[in-house]
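Residue numbers (our numbering): 4 to 211. Each residue gets a CB set at the ideal place from its N, CA and C atoms; glycine is no exception.
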């Protein structure tokens, strides 16, 4: 696995860490990342998926509704958010690899309120794995790695490989959040407290 800890600390090293990566590497990293997320779901129940954890640092500037901006995310919410971001990176990477000039975002995120079971979480992760791996089949034999754009200043110019890895790095950023959601939900379940806060279904459906 790529050293995502380095990227978490200094995103400007993205180009340096990815310059020699191959499509085969990207396939392997994708499988490893999805497998890690699935491993975090072992022993999880449907109740855990909709449990709303305590998260004093919750701050979502992109929330569709103001009242959701500081709402802690359920496990289901984290899963759909992380997979949507990784898929966006994968499909943007495929376009860059084909020589297409960057022309905007390519994002769709499943409504998190619809994810209420652990089986749905697993299916979403496996579906995302399939989509990301298939996106790599769109790369030409000789990808246009000179085709770059700058997503934000701290990253600098990135090509198709860098764009794909940004999605994996985003997955990595949420691994700890997934682990904490599961930990808090299991503590509440084991203590008999159940859902001490609102269930996911108690919130209005957000169209993303």
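- prompt: Over what stretch of residues does the alpha helix (DSSP H) that includes residue 125 continue unbroken?
  reply: Translated into positions along the chain shown, residue 125 becomes position 122. 121-139 is the extent of the alpha helix (DSSP H) around residue 125.
query: What is the rounded straight-line gap between the Cα of residue 148 and the Cα of residue 185?
result: What you label residue 148 is simply residue 145 of the chain shown in a count that begins at 1. What you label residue 185 is simply residue 182 of the chain shown in a count that begins at 1. Going by the C-alpha atoms only, they are around 39 Å apart.
task: State the start and end residues of the unbroken alpha helix (DSSP H) segment that holds residue 189.
output: Indexing the chain shown from 1 puts residue 189 at position 186. Unbroken alpha helix (DSSP H) run through residue 189: 163-193.
- prompt: Of all the options 90, 41, 51, which has the alpha carbon lying nearest to the alpha carbon of residue 168?
  reply: The residue given as residue 168 occupies position 165 in the chain shown. Checking every option, the nearest Cα to that of residue 168 belongs to 90.
- prompt: Who are the near neighbours of residue 205 in its chain, counting only those whose CB is closer than 6 Å to its CB and skipping five residues on each side?
  reply: As a first step, residue 205 must be located in the chain shown, where it is residue number 202. Note that residue 205 scores 37 on pLDDT, short of 50, meaning its location in the model is unreliable; the coordinates nonetheless yield the value given after this. There are no such residues.
field: Contact set for residue 81: own chain, Cβ-Cβ below 8 Å, skip 5 residues either direction
entry: Start at 1 with the first residue of the chain shown, and residue 81 comes out as number 78. Closer than 8 Å at Cβ, skipping near neighbours: 177, 180, 181, 184.
- request: Thinking residue 61 and residue 74 are a contact (beta carbons under 8 Å), I'd like their distance in whole angstroms, please.
  value: Residue numbering aside, residue 61 sits at position 58 when the chain shown is read from its first letter. Residue numbering aside, residue 74 sits at position 71 when the chain shown is read from its first letter. Indeed, because the Cβ distance is near 6 Å, the residues count as touching under 8 Å.
- prompt: Candidates 175, 191, 113, 144: which alpha carbon is nearest residue 4's?
  reply: The count along the chain shown starts at 1 and reaches residue 4 at position 1. If we check each option's Cα against that of residue 4, 175 comes out closest.
task: Tell me where the alpha helix (DSSP H) around residue 153 begins and ends.
output: By 1-based counting over the chain shown, the position of residue 153 is 150. No alpha helix (DSSP H) holds residue 153; DSSP gives it neither H nor E.
field: Contact set for residue 26: own chain, Cβ-Cβ below 7 Å, skip 5 residues either direction
entry: In the chain shown, residue 26 corresponds to position 23, counting from 1. Here the set comprises 139, 142.
task: Would you please state the rounded distance, in angstroms, between the beta carbons of residue 163 and residue 96? I believe it to be under 8 Å.
output: In the chain shown, residue 163 corresponds to position 160, counting from 1. In the chain shown, residue 96 corresponds to position 93, counting from 1. Right, their Cβ atoms sit about 4 Å apart.
message: Taking the alpha-carbon of residue 58 as reference, which of 76, 159, 31, 39 has the nearest alpha-carbon?
response: Counted from its first residue, the chain shown places residue 58 at position 55. Comparing Cα-Cα distances from residue 58 to each of 76, 159, 31, 39, the minimum goes to 76.
Beta-carbon spacing of residue 85, residue 173 below 9 Å: Stepping through the chain shown from its first residue, residue 85 is reached at position 82. Stepping through the chain shown from its first residue, residue 173 is reached at position 170. Yes; because the gap between Cβ atoms is below 9 Å, this pair is in contact.
- request: Report buried or exposed for residue 137, applying the criterion of at least 16 other Cβ atoms within 10 angstroms of its Cβ.
  value: One-based indexing of the chain shown puts residue 137 at position 134. Exposed: under 16 other Cβ atoms inside 10 Å.
query: Taking the C-alpha atoms as reference points, what is the distance between residue 56 and residue 20?
result: Here residue 56 refers to the residue found at position 53 when the chain shown is read from its first residue. Here residue 20 refers to the residue found at position 17 when the chain shown is read from its first residue. Rounded to the nearest angstrom, the two C-alpha atoms are 35 Å apart.
- prompt: What is the residue span of the alpha helix (DSSP H) that residue 30 lies within?
  reply: Mapped onto the chain shown, residue 30 falls at position 27. Taken as a continuous stretch (DSSP letters only), the alpha helix (DSSP H) holding residue 30 covers 26-43.
Exposure of residue 102, with buried meaning 16 or more beta-carbon neighbours within 10 Å: If you number the chain shown from 1, residue 102 lands on position 99. Answer is exposed; the Cβ neighbour count stays below 16.
- prompt: Leaving out five residues before and five after residue 152 in sequence, what residues of the same chain have Cβ atoms less than 8 Å from its Cβ?
  reply: As a first step, residue 152 must be located in the chain shown, where it is residue number 149. Closer than 8 Å at the Cβ level, and outside the excluded window around residue 152, lie 99, 104, 105, 160, 161.
query: So residue 49 is in the alpha helix (DSSP H); what residue range does that whole segment cover?
result: The count along the chain shown starts at 1 and reaches residue 49 at position 46. Unbroken alpha helix (DSSP H) run through residue 49: 49-53.
task: Just confirm the distance between the C-beta atoms of residue 44 and residue 125, as a whole number of angstroms; I'd bet it's less than 8 Å.
output: Along the chain shown, read from residue 1 onward, the residue named residue 44 stands at position 41. Along the chain shown, read from residue 1 onward, the residue named residue 125 stands at position 122. At roughly 6 Å, the Cβ-Cβ gap stays under 8 Å, so residue 44 and residue 125 are in contact.
task: Taking 9 Å as the cut-off, decide whether the C-beta atoms of residue 171 and residue 50 are in contact.
output: By one-based count along the chain shown, residue 171 stands at place 168. By one-based count along the chain shown, residue 50 stands at place 47. For residue 171 and residue 50, no; Cβs fall outside 9 Å.
task: Let me know the secondary structure DSSP gives residue 77 once reduced to three states.
output: In the chain shown, the residue the question calls residue 77 occupies position 74. Residue 77: coil per DSSP, three-state reduction.
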